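Novice: For the record, the sequence lines run as chains A and B. Sequential numbering of the first sequence, starting at 1, is according to the working numbering. Sequential numbering of the second sequence, starting at 183, is according to the working numbering. Ideal Cβ positions, reconstructed from N, Cα and C, are used throughout, including at glycine. If you're wondering where the values come from, they're calculated on a predicted model, not measured in any experiment.
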Amino acid sequence: MAHQRQPEFEQLPDFEKEFEKLVDEHQSMVFSLALRMTGDRGLAEEIAQDVFMEMDRNLGKLESADHACFWLRRVTMSRSTDALRRRRVRGMDLWVEMEDLHGAPVEERASPLSTRLEQMLATLPEAQRAALVLRYQEDLTPEEIAATLAAPVATVKSHLQRGLKLLRAKAAKHLKEFVRGH
Amino acid sequence: MDIDPMDEFERELQQAFSRRPAPPSLKRRLMEKRRVKVAVRPWVTWQRLAASLALTAVLAGGAEWRIADERRKEEAARDQVLTALRITSHALNEMNARLAARRHGTQD
């Protein structure tokens, strides 16, 4: 991926404006990725904070808006995976009715179909979940997903196919009232 | 890219998995955290510099002490060898003197 250095990134020594701009542009992406990977609003907020603070430390190395977006996706997925691993080690149960337990404000709540699909997504293996979230939330191609997750393209394609098949089967069983085209 | 075009279920997924808005407090907290970090940064830099200097001094002192200690040990070893040589030389001289005296007595 060729990244063009944006001149305004070099002008301000403190990078505060760039930081604020990147937070404005990408907070929703980072938070949603972390939320769908972990299923925990609190943890997703923590991950989002960590990711942006790390981005702040590396701001001088980011070469363009595209590079920043790629970097944010990659670090968010990696941090989310780490958080899941830490929780598994502690033996905590993941994905526990996230909308009810973590009290999203009413205006932020997703539609019932979205919530049910997210709950089903949560039951998939982590690698399949990561591939599906990047595919359907971020609209990335398998090649872009592979670059983000630092995985072979063939592996990503396999995760996408298997994850989609599983999700489709679950939807066919549990979401007849919502899903039309399975 | 050899991925099939999306069917209806995938389009449903795409809609269902649209990005959620981040909590409004996220940006505020991030900006606060960053301001604190930037304010603390010069102190941290000085502290790091001071710690590096102290560490360098301790390491240099340790290295110096080690070199001096090795030199001391070398000198002690050399002194011991010289003492041993001196004793040996003295013993040999004594032996030579006795042999010379005995030889002299036999000739008489």
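Report the rounded CA-to-CA distance for residue 84 of chain A versus residue 38 of chain A, giving the unit in angstroms.
Specialist: 7 Å
Novice: Would a check of beta-carbon distances place residue 40 of chain A closer than 8 Å to chain B?
Specialist: Judged by the 8 Å Cβ criterion, residue 40 of chain A is not in contact with chain B.
Novice: When Cβ atoms are compared, which residues of the segment 43 to 65 of chain A fall closer than 8 Å to chain B?
Specialist: 45, 48, 49, 52, 53 and 56
Novice: Please list the terminal residues of the continuous alpha helix (DSSP H) segment that includes residue 55 of chain A.
Specialist: Residues 41 to 57.
Novice: Considering only the beta carbon of each residue, do residue 155 of chain A and residue 77 of chain A sit closer than 8 Å?
Specialist: No, they are not a contact pair.
Novice: Can you check which of these residues, A:164, A:143, A:153 and A:18, is closest to residue 122 of chain A by C-alpha distance?
Specialist: A:164
Novice: Does the beta-carbon of residue 97 of chain A have 16 or more other beta-carbons within 10 angstroms, so that it is buried, or is it exposed?
Specialist: Low confidence applies to residue 97 of chain A: its pLDDT is 44, below 50, so where it sits in the model is not reliable, and the reading given next is rough at best. Its Cβ having fewer than 16 others within 10 Å, residue 97 of chain A is exposed.
Novice: 8 Å is my cut-off, CB to CB: does residue 221 of chain B come that close to chain A?
Specialist: no
Novice: Would DSSP call residue 139 of chain A helix, strand or coil?
Specialist: coil
Novice: Which value, in whole angstroms, describes the spacing of the CA atoms of residue 106 of chain A and residue 236 of chain B?
Specialist: Here residue 106 of chain A scores only 49 on pLDDT, less than 50, and its place in the model should not be relied on; the value that follows carries that caveat. Approximately 56 Å, taken between the alpha carbons.
Novice: Excluding the 5 residues flanking residue 30 of chain A on each side, which residues of the same chain have their C-beta closer than 6 Å to its C-beta?
Specialist: 48, 51, 72 and 76
Novice: Cutting at 8 Å between CB atoms, please list the residues of its own chain near residue 201 of chain B, excluding the five before and the five after it.
Specialist: Same-chain partners within the cutoff: there are none.
Novice: State the Cα-Cα distance for the pair residue 34 of chain A and residue 232 of chain B, rounded to the nearest angstrom.
Specialist: Going by the C-alpha atoms only, they are around 39 Å apart.
Novice: Output, in sequence order along the chain, the residues in the segment 17 to 37 of chain A whose CB is closer than 8 Å to any CB in chain B.
Specialist: 19, 20, 23, 24, 27, 28, 29, 30, 31, 32, 35 and 36
Novice: Against chain B, with Cβ distances strictly below 8 Å, would residue 133 of chain A count as a contact?
Specialist: yes
Novice: Along chain B, in chain order, which residues have C-beta atoms closer than 7 Å to that of residue 114 of chain A?
Specialist: 198
Novice: Out of A:74, A:89, A:42 and A:43, state which residue places its alpha-carbon closest to the alpha-carbon of residue 54 of chain A.
Specialist: A:74
Novice: Could you work out which residues of chain B lie near residue 117 of chain A, taking near to mean beta carbons separated by less than 9 Å?
Specialist: Correct list: 194, 195, 198 and 199.
Novice: Tell me whether residue 227 of chain B sits in a helix, a strand or coil according to DSSP, three-state version.
Specialist: helix
Novice: Between residue 128 of chain A and chain C, is any beta-carbon pair separated by less than 8 Å?
Specialist: Any reference to chain C falls outside this structure, whose protein chains are A and B.
Novice: For the segment 211 to 230 of chain B against the segment 13 to 22 of chain A, do three or more pairs of beta-carbon atoms, one drawn from each stretch, fall closer than 8 Å, so that the two count as touching?
Specialist: yes
Novice: Measuring alpha carbon to alpha carbon, tell me which of A:64, A:168, A:79 and A:114 ends up nearest residue 189 of chain B.
Specialist: A:168
Novice: Does the Cβ-Cβ distance between residue 254 of chain A and residue 131 of chain A come in under 8 Å?
Specialist: Because chain A is modelled from 1 through 182, residue 254 of chain A falls outside the range shown and cannot be assessed.
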